[in-house]
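Numbering (the numbering used here), first residue to last: -12 to 137.
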């Protein structure tokens, strides 16, 4: 029952996050923190060691996934889109995307490698699931919110 109430609270709070655009990223981050802590069942001692590692890598991954990807897309738009660019420009952007994807994969591997020093294999597996489920739930709520505006 406690878990159901926590999930309902999470969903309601997440919905209100999308209604309020200010500090959206920080609120989502706080919700994700609560969600992961609950789903992975982190003890206070584990959480104390876990969150500094996790947050360090999430900050780096955010920079790569959002900021760097946005830079690449803006470069693509500045060249007039895919159909109007030269093959050499397309090859450069393809290489940038490939390097970005490899870098993201490498950072993810390093994150989990460091977390293995703090968490058991079972909790790492719970973390994989919690991250994916949180992302899925957030996307579902975003779609619902967008549907209500139109």
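Glycine included, C-beta positions come from ideal geometry on N, C-alpha and C.
Taking the C-alpha atoms as reference points, what is the distance between residue i and residue j?
i           : j           : result
residue 74  : residue 111 : 43 Å
residue 113 : residue 30  : 14 Å
residue 128 : residue 11  : 14 Å
residue 94  : residue 126 : 23 Å
residue 108 : residue 65  : 45 Å
residue 123 : residue 42  : 20 Å
residue 4   : residue 88  : Caution is warranted here: a pLDDT of 46 is assigned to residue 4, below 50, making its placement in the model unreliable, and no coordinate value can be reported.
residue 138 : residue 103 : Residue 138 lies beyond the stretch modelled for the chain, which goes from -12 to 137, so this question has no answer here.
Terminal residues of the continuous alpha helix (DSSP H) containing residue i?
i           : result
residue 140 : Nothing about residue 140 can be read from this structure; the chain reaches only from -12 to 137.
residue 42  : 31 to 49
residue 27  : 11 to 27
residue 80  : 74 to 102
I'd like to check one pair, residue j with residue i: are the Cβ atoms closer than 7 Å?
i           : j           : result
residue 40  : residue 119 : no
residue 54  : residue 83  : no
residue 117 : residue 36  : no
residue 22  : residue 121 : yes
residue 48  : residue 90  : no
Name the residue from the options whose alpha carbon lies nearest to the alpha carbon of residue i.
i          : options           : result
residue 76 : 63, 85, 53 and 87 : 63
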